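Engineer: Structure provided below as structure tokens; questions to follow.
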Amino acid sequence: MDFITVDFDKSVNRRTFDCVSPDLNDYIVKYASQDQKRHLSRTFLALGRERTLLGYYTLASTSVRLEDVAEQERKRLPRYPLPAVLLSRLAVDRSCQRQGLGQRLLADVFRRLYAMSKHAGIAFLAVDAKDEAAARYYKSLGFESSDMDRLRLVYPTAPLFEELAHQDSSGRPPATGIRK
Numbered sequence: 001m002d003f004i005t006v007d008f009d010k011s012v013n014r015r016t017f018d019c020v021s022p023d024l025n026d027y028i029v030k031y032a033s034q035d036q037k038r039h040l041s042r043t044f045l046a047l048g049r050e051r052t053l054l055g056y057y058t059l060a061s062t063s064v065r066l067e068d069v070a071e072q073e074r075k076r077l078p079r080y081p082l083p084a085v086l087l088s089r090l091a092v093d094r095s096c097q098r099q100g101l102g103q104r105l106l107a108d109v110f111r112r113l114y115a116m117s118k119h120a121g122i123a124f125l126a127v128d129a130k131d132e133a134a135a136r137y138y139k140s141l142g143f144e145s146s147d148m149d150r151l152r153l154v155y156p157t158a159p160l161f162e163e164l165a166h167q168d169s170s171g172r173p174p175a176t177g178i179r180k
């Protein structure tokens with residue numbers, strides 16, 4: 001499936017987008033533009049042929065508490081909230097589900113975070129899964145759940161950034177960055 005990822009563009013038809021979740025459908029139609037204008041978040045669109053909206057994701061800044069990190073990771077971390085980016089929404093249209101678009105969008109998130117990390121500290125990518133099924137999906141991609149909240153998941157960025165930096169220097173094409 002061919003697509004391009006672009007910054008939010010309100011000229012893209014969002015009304016036909018249907019990812020099964022009414023909340024995610026409503027967000028892209030009613031709220032993404034407002035959040036973008038207010039600098040609350042940034043939304044990125046996956047566009048197919050004829051600029052058809054196939055999926056999207058939204059990023060915002062956040063912090064991660066030590067309690068949100070798996071116990072084995074805590075030992076090497078300071079005892080204060082850590083800088084993170086929140087993947088606040090990830091949605092794929094019904095017509096594209098189960099074809100790997102979600103993973104490819106997540107790979108785009110990783111590359112975007114790597115570029116951002118050259119300008120600001122990012123210790124984790126965080127996600128608040130909407131339910132247990134979503135949490136299982138993120139865990140299958142390498143996210144770790146919090147001991148305090150099973151629906152709060154984090155992905156340590158240091159190993160990812162090391163891999164992407166090595167790929168940059170070796171000239172290899174970027175991998176997905178997804179740990180399994």
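Every letter in the sequence shown is one number past the one before it in full-length UniProt numbering, and letter 130, counting from 1, is 130. We treat Cβ as the ideally placed atom computed from N, Cα and C, and that holds for glycine. Keep in mind that this is a model prediction, so the values were computed, not measured.
If you reduce the DSSP assignment to three classes, tell me which class HIS166 lands in.
Structural biologist: Along the sequence shown, read from residue 1 onward, the residue named residue 166 stands at position 166. HIS166 falls in the helix class under three-state DSSP.
Engineer: Which value, in whole angstroms, describes the spacing of the CA atoms of ASP131 and LEU151?
Structural biologist: As a first step, residue 131 is located in the sequence shown; it is residue number 131 there, counting from the start. As a first step, residue 151 is located in the sequence shown; it is residue number 151 there, counting from the start. Taking the straight line joining both Cα atoms gives about 7 Å.
Engineer: What residue does the alpha helix (DSSP H) around TYR114 start on, and which one ends it?
Structural biologist: Numbered from its first residue, the sequence shown carries residue 114 at position 114. It spans 101-116 - the alpha helix (DSSP H) in which TYR114 sits, taken as one unbroken run.
Engineer: Look up residue 186 in the DSSP assignment and say whether it is helix, strand or coil.
Structural biologist: No statement about residue 186 is possible, as the shown extent of the chain runs from 1 to 180 and does not include it.
Engineer: Answer yes or no: does any C-beta atom of chain B fall closer than 9 Å to that of ALA123?
Structural biologist: The displayed structure is made up of one protein chain only, and chain B is not part of it.
Engineer: Which same chain residues, not among the five before or five after LEU101, have their C-beta less than 8 Å away from its C-beta?
Structural biologist: Here residue 101 corresponds to residue number 101 of the sequence shown, with the count starting at 1. Excluding residues within five positions, the ones whose Cβ falls inside 8 Å are MET1, PHE3, ALA46, LEU54, GLY55 and VAL92.
Engineer: Which two residues bound the contiguous beta strand (DSSP E) that contains ARG152?
Structural biologist: The residue you call residue 152 lines up with position 152 of the sequence shown. Element bounds for ARG152: 152-156.
Engineer: Who are ILE4's beta bridge partners in DSSP?
Structural biologist: If you number the sequence shown from 1, residue 4 lands on position 4. DSSP output for ILE4 lists LEU47 as bridge partner(s).
Engineer: Alpha carbon to alpha carbon, what distance is there between GLY142 and LYS30?
Structural biologist: Taking the sequence shown and counting its residues from 1, the one referred to as residue 30 is at position 30. Taking the sequence shown and counting its residues from 1, the one referred to as residue 142 is at position 142. Rounded to the nearest angstrom, the two C-alpha atoms are 31 Å apart.
Engineer: Report the residue from LEU164, ASP18, VAL12 and LYS10 whose alpha carbon sits nearest the alpha carbon of LEU90.
Structural biologist: Here the question's residue 90 lines up with position 90 in the sequence shown. LEU90 has its Cα closest to that of ASP18, out of LEU164, ASP18, VAL12 and LYS10.
Engineer: In terms of DSSP beta bridges, what is SER61 paired with?
Structural biologist: Taking the sequence shown and counting its residues from 1, the one referred to as residue 61 is at position 61. Answer is VAL85.
Engineer: From ASP35 to ARG42, what does the alpha carbon distance come to, in whole angstroms?
Structural biologist: Your numbering for residue 35 matches position 35 in the sequence shown. Your numbering for residue 42 matches position 42 in the sequence shown. Computed Cα separation, rounded: 7 Å.
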